[in-house]
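S.K.: Dropping the structure in here first, questions after.
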Amino acid sequence: MPSVSKLIKAPEFQGFWIHILYGKVQTDASGTRYIATDPREHNLIRGSADVAKQFEKLVHLISFCLIPGDNTLKANALMSPSLWDLERYSQGEYLRLQLNIASLLGHEPAHAFWTLRMHPIMTVKRDEIADPYAYQSDPMPELGFAWDISVFSGILFQPPITNEMDVYSPMHSVEWGHVFAFPNIYAIVPTTKIQMWSYKDTWVDIRQALEDGRLRTPLVRDSPPLVIMYRYKDRKWRSILLVHGEEAPGSGGPFTPSPPKNVPLDHWYWHIIPSEIDQSLNEGVSKHEEFLVHGVQFISRDSKAQRRKYGVTTPTQLRT
203 MPSVSKLIKA PEFQGFWIHI LYGKVQTDAS GTRYIATDPR EHNLIRGSAD VAKQFEKLVH
263 LISFCLIPGD NTLKANALMS PSLWDLERYS QGEYLRLQLN IASLLGHEPA HAFWTLRMHP
323 IMTVKRDEIA DPYAYQSDPM PELGFAWDIS VFSGILFQPP ITNEMDVYSP MHSVEWGHVF
383 AFPNIYAIVP TTKIQMWSYK DTWVDIRQAL EDGRLRTPLV RDSPPLVIMY RYKDRKWRSI
443 LLVHGEEAPG SGGPFTPSPP KNVPLDHWYW HIIPSEIDQS LNEGVSKHEE FLVHGVQFIS
503 RDSKAQRRKY GVTTPTQLRT
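Take any residue in the sequence shown, count from 1 to its spot, add 202: that is its number in the working numbering.
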């Protein structure tokens, strides 16, 4: 796995950091704080130099640590009883783990980079400063996810390593607008795609690798061959594997309705899932609050335009 510094320092990825450093914070008519483009962003040489200076300051202010055996921070901690446990994983599993760590080491500094810009002495508490929208069109104000999108084109998820859960589950990706949703639908990211980041040839001509799509994370909207979705049936939410749009054996189906051939899978899913949410609520299996927060996250602005964008035709997930 190439050093995460390449994901941050490579010229092809500098645009995000320059934007965060130079962009002007503005508030639109709806009250949304976002980072507007500044003309200085077009000077990549000067911008890259200024970004490097900021990172020189930041490197002395933040640190990452291993939290072995701790299950309190499953989302952003490497939890292994000891380092040698990592050696028992296969090459594919290890590559997935490495990419997940690389994503983490780029995601979290995005928040710190912004905090340093706004509070140069870094004495502010984390809950005293809120991320703005990196771009006005973003689904939510989350600079870490904005970085993920700028590099990987999607949000990558890898189950954490714990005594109870290992890395045998495949890495999967999700649209940013649906990142915290439950139920949800994910594209499985094949190991061959993850391997691309570790090839020397990739970094010899990273620009070409980006342009030809070799590094683009598969998303549900791309109709990938392998998809995981949550469906409700027989008083239980179930994780289903779809292979080329068909339910894999052992998924607990068949589920109805099933995905049609002539409709984008993501649009169809967000159209049918509200009725299954209603059913689980009516049968007392789920509680309303299980969906509320996640629903607000994946449709963060309650508008018809946002619901159309994500293929949701009813505001079921947005109840108050």
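Cβ atoms here follow ideal geometry from the backbone N, Cα and C, with glycine treated the same way.
1. To test your reading of the DSSP string, which unbroken alpha helix (DSSP H) runs of 4 or more residues are found completely within the segment 406–474?
2. Does the Cβ-Cβ distance between Phe457 and Ile479 come in under 7 Å?
3. Please report the distance separating the alpha-carbon of Tyr173 from that of Thr229.
4. With the cut-off set at 7 Å, would you say Asp468 and Arg433 are in Cβ contact?
5. Confirm, please, whether the CB-CB distance from Pro420 to Ala450 is below 7 Å.
6. Helix, strand or coil for His374? Go by DSSP, reduced to three states.
7. What residues are listed by DSSP as bridge partners for Gln256?
8. With which residues is Gln228 paired in a DSSP beta bridge?
9. Got a sec? Which residues, its chain only, sit under 7 Å from Asp340 by beta carbon, not counting five neighbours each side?
10. For Lys226, count neighbouring C-beta atoms within 10 Å of its own C-beta (all shown protein chains included) and say buried if the count is 16 or more, exposed if not.
11. I believe Tyr236 touches Pro334 by the beta-carbon criterion, under 8 Å. Please report the beta-carbon distance rounded to the nearest angstrom.
12. Comparing C-alpha positions only, which one of Ser292, His244, Val353 and Pro311 sits nearest to Phe215?
13. Which of the three DSSP states is assigned to Ile210 in this structure?
14. Taking the alpha carbon of Gln397 as the reference point, which residue from Gln481, Leu246 and Leu299 has its own alpha carbon closest?
15. Have a look at Leu318 and Arg437 and give me their C-alpha separation to the nearest angstrom.
16. Is Phe493 helix, strand or coil when you go by DSSP?
M.R.: The answer reads as follows:
1. 408–413
2. Using a Cβ distance threshold of 7 Å, Phe457 and Ile479 do not count as a contacting pair.
3. It is not possible to answer for residue 173, since the shown part of the chain is limited to 203 through 522.
4. no
5. no
6. strand
7. As computed with DSSP, Gln256 is found in no beta bridge at all.
8. DSSP, once it has assigned bridges, lists Tyr236 as partnering Gln228.
9. Ala348
10. exposed
11. 5 Å
12. Val353
13. helix
14. Leu299
15. 49 Å
16. helix
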